[in-house]
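S.K.:
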Amino acid sequence: MKKVAVVGVGETKFSGPQTKTEVELFAEAATEAIAESNLKPKDIKALYIGNALGDFEEGQGMLQAYAAENIGCMYVPANRYEGACASASMAVRDAFIWVASGYYDIVVAGGVERAATMGTGLATRTFAMFSDARYEYPAGVTFPAVFAMLTHLYADTYKIPLQKLREQMAKVTIQSYKHGSINPKAQFFGKNADMTVEKVLGSFVVCTPLTLHDCCPFSDGAAAVVLASEDVAKKLTKKPVYITGIGQASCGPLINQKDYLPRIRAREISSQQAYKMAGLKPKDIDLCELHDCFSIASLIAAESLGFFDYGKAGDAWEKGEADIGGKVAINPSGGLKSKGHPIGATGAGQVYEIAKQLREEVEAGRQVPDAKIGMTDTLGGDGGTLVNMIFERGW
Amino acid sequence: MEQKLYFKDYNEALKQNKILGLKCRACGAITVPPKMACRQCTSPDMEVIEVKSNGKIRTFTTVFVGAEGRESEVPYIIVIVELEEGPWIMGNLEGVDPKTASMELIGKKVKMGNKVFPGDKYSAGEGARPLFSLVN
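First to last, the protein sequences are chains A and B. For the first sequence, the positions run 1 to 395 when this note's numbering is used. For the second sequence, the positions run 1001 to 1136 when this note's numbering is used.
1) Decide if D366 (chain A) is buried, meaning its Cβ has at least 16 other Cβ atoms within 10 Å, or exposed.
2) Decide if E11 (chain A) is buried, meaning its Cβ has at least 16 other Cβ atoms within 10 Å, or exposed.
3) Using only alpha-carbon positions, find the residue among A:P144, A:V200, A:A33, A:A29 that is nearest to T208 (chain A).
4) So is G190 (chain A) buried or exposed if we call it buried at 16+ other beta carbons inside 10 Å?
5) Using a Cβ-Cβ cutoff of 7 Å, what residues of the stretch 1074-1100 of chain B are near chain A? List them in chain order.
6) Residue range of the beta strand (DSSP E) that D377 (chain A) falls in?
7) Any idea what DSSP makes of K1004 (chain B), helix, strand or coil?
8) Would you say K171 (chain A) and E318 (chain A) are within 8 Å of each other, going by their C-beta atoms?
9) What are the residues that DSSP puts in a beta bridge with R393 (chain A)?
10) Do the CB positions of A1128 (chain B) and L1014 (chain B) come within less than 8 Å of each other?
11) Since E58 (chain A) meets chain B, which of its residues come closer than 9 Å, beta carbon to beta carbon?
12) Within this structure, are the beta carbons of M90 (chain A) and Q248 (chain A) separated by less than 8 Å?
13) Confirm, please, whether the CB-CB distance from G1107 (chain B) to E1084 (chain B) is below 8 Å.
14) So which of A:L299, A:A364, A:I354, A:G380 has the shortest CA-CA distance to K372 (chain A)?
15) Output, in chain order, the set of chain A residues within a Cβ distance shorter than 7 Å of S1072 (chain B).
16) Using a Cβ-Cβ cut-off of 8 Å, state whether A1029 (chain B) counts as contacting chain A.
17) Taking 8 Å as the threshold (beta carbon to beta carbon), is H152 (chain A) in contact with chain B?
18) Leaving out five residues on either side along the sequence, give the residues of the same chain with a beta carbon under 6 Å from the beta carbon of I390 (chain A).
19) Would you mind telling me which residues of chain A sit closer than 7 Å to F1117 (chain B), beta carbon to beta carbon, in chain order?
20) Closest to P217 (chain A) by C-alpha separation, out of A:G349, A:F14, A:V241, would be which residue?
21) Note the first and the last residue of the continuous beta strand (DSSP E) segment covering P184 (chain A).
22) Quick check: the Cα distance between N307 (chain A) and V328 (chain A), rounded to an integer number of angstroms?
23) May I ask you to list the residues that DSSP assigns as paired with I354 (chain A)?
24) Using a Cβ-Cβ cutoff of 9 Å, what residues of the stretch 292-311 of chain A are near chain B? List them in chain order.
25) Which bits of chain A does E1012 (chain B) rub up against, with CB to CB less than 8 Å?
26) Beta strand (DSSP E) containing R1058 (chain B): first to last residue?
27) Any C-beta of chain B within less than 7 Å: which residues of the stretch 230-261 of chain A qualify?
28) Quick one: what's got a C-beta closer than 6 Å to D132 (chain A)'s C-beta in the same chain, skipping five residues either side?
29) I'd like to confirm the pairing. Which residues does DSSP put opposite K942 (chain B) in its beta bridges?
30) To which residues does DSSP link P955 (chain B) through a beta bridge?
31) If contacts are defined as beta-carbon pairs under 8 Å, then R263 (chain A) and Y310 (chain A) qualify, I think. What distance do you get, rounded to the angstrom?
32) When you compare the CB of M1044 (chain B) with every CB in chain A, is at least one pair closer than 8 Å?
33) Between the stretch 65-78 of chain A and the stretch 114-125 of chain A, do at least 3 Cβ pairs fall closer than 8 Å?
34) Who are the near neighbours of G1021 (chain B) in its chain, counting only those whose CB is closer than 7 Å to its CB and skipping five residues on each side?
35) Would you mind telling me which residues of chain B sit closer than 8 Å to T124 (chain A), beta carbon to beta carbon, in chain order?
36) Hey, L210 (chain A) and T142 (chain A): beta-carbon distance below 8 Å or not?
Below you can see the structure in the form of structure tokens.
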């Protein structure tokens, strides 16, 4: 198996509803990544794109083929990945495997979404399609409802008073907003830096106990990365970011995960695959872009990834252990809650952030000092798809 | 291979306030809702049984933002109930004011009726869901 590096990354600004089409958004991110890699579109052997809901957002299916043609990657194989919010991470992971196998030497992987363009009603309906359509949606489940129920279950399981847990979750939100407010690519760039616990708890209730500020926004945006085999990567860049561990796991409906909830078992299996492959442990990770679609999701993720003990992640956030300068810097980009969550692009956006952090190219106020090892964590559905990847400096 | 119990028959039973499940002949585990392989040992060798529909609430939420087409239903309470024989099932809770639903609901015993979601343009038809109420 060949070593595989990220040699270039690109990303649009993540935003609310905007006018660029999905193909245009993806093209913007992909051409940035290709140019940064000192490559031309003709050098790309295949294109892997995450896109969850393009059919509903624009009435556009099979956008991967149109995207390939749009950017000048003529006649290359182009594949679309649909794994709800983990779609782009699936694309990057598969691109890794194909390059590692030696079949392709240079592949572009990424994702695009216009979830915000759908508006709240249709976005809420279509996001609910990632719960079980037959055995869960009839009860009116929505995505916030899933994580709202996990919040109550978490409080009951670990015997944490709900009010205390809500305050800890507010600290997660405040940290995310702090970093996102100085990330120019973030949906909430320049916003929410003055958030307080009181403001989080007092905002509009979406699904008890989650308020608006416990939830990520609906977002439009795209991200893309270029992966190349080691021999090619060394010719293209002085700072190749190697993918040294990957993992992916799947699971059934939320109710079928009862033996582990509020732990997400698929995440434990996926991340353990990645750690084993990289020969690393959670304590070795300098920064992690994890799937904080809701504030409670950060706590659940950080525990399943092995950063903190079960039921203790809230304490860790309160002590600053999950921030820059702590045990592990979680979501210095602002994460899904502040950078934004264009679901089919989110995983590639996480890889974009890790690559920029390891190259020390982000704004000073959110740069993780001496970051050498980064990790991504992307969740699709209510635990149905989990992807983890570990990245290390190649210089 | 034919699945032992399909959604259609499960749904028809639920509309009669009955929960059909699958009991594994290999390991004895009960699988609800229906699927091809046993939830515990993955054997397909299972028989259809009726599962007791009473249980206790494991978690809940009150939904204030509904999906397109279901805006008029809010606020409503979703519960996950652990049935007496072990499986978890998702449904709604009636008889409790959604605006006052609190952590005290967790652990409460419930009995089951049903309510049919008539379906929308995406859902390939209707689907019943459990409609629980507290046991006094």
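By construction, the Cβ of each residue, glycine as well, lies at the ideal position given by its N, Cα and C atoms.
M.R.: With the given structure in hand:
1) Inspection of the sequence shows that residue 366 (chain A) is occupied by Arg rather than by Asp. So R366 (chain A) ends up on the buried side.
2) buried
3) A:P144
4) exposed
5) Y1076, I1078, I1080, W1088, I1089, M1090, G1091, N1092
6) 373-380
7) The DSSP-derived three-state label of K1004 (chain B) is coil.
8) In this structure, E318 (chain A) lies closer than 8 Å to K171 (chain A) by Cβ.
9) A:V241
10) yes
11) By Cβ distance, chain B contributes nothing, its closest Cβ being about 17 Å from E58 (chain A), past 9 Å.
12) yes
13) no
14) When only C-alpha atoms are compared, the closest one is A:I354.
15) Result: empty, since nearest Cβ-Cβ is about 11 Å, beyond 7 Å.
16) no
17) yes
18) T244, G245, A274, A278, M375
19) P138
20) The shortest Cα separation from P217 (chain A) among A:G349, A:F14, A:V241 belongs to A:F14.
21) Going by DSSP, P184 (chain A) is part of no beta strand (DSSP E) at all; its letter is neither H nor E.
22) The residue asked about is misnamed: residue 307 (chain A) is Phe in this sequence, not Asn. Spanning the two alpha carbons is a distance of roughly 7 Å.
23) I354 (chain A) pairs with nothing; no bridge assigned.
24) From the stretch 292-311 of chain A, no residue has a Cβ closer than 9 Å to chain B.
25) Those do not exist, as E1012 (chain B) stays about 13 Å from chain A at its closest Cβ, beyond 8 Å.
26) 1055-1063
27) I255, N256, K258
28) P253
29) Since the first residue of chain B shown is 1001 and the last is 1136, residue 942 (chain B) is not available in this structure.
30) With chain B covering only 1001 through 1136, there is no way to say anything about residue 955 (chain B).
31) 7 Å
32) Note that residue 1044 (chain B) is Pro in the sequence shown, not Met. By this cut-off, P1044 (chain B) is not an interface position.
33) Counting Cβ pairs under 8 Å, fewer than three are found: no touch.
34) Excluding residues within five positions, the ones whose Cβ falls inside 7 Å are I1030, T1031, V1032, I1049, V1051, P1087.
35) Contact annotation for T124 (chain A) against chain B: V1065, G1066, A1067, E1068 [CB-CB distance below 8 Å, chain order].
36) no
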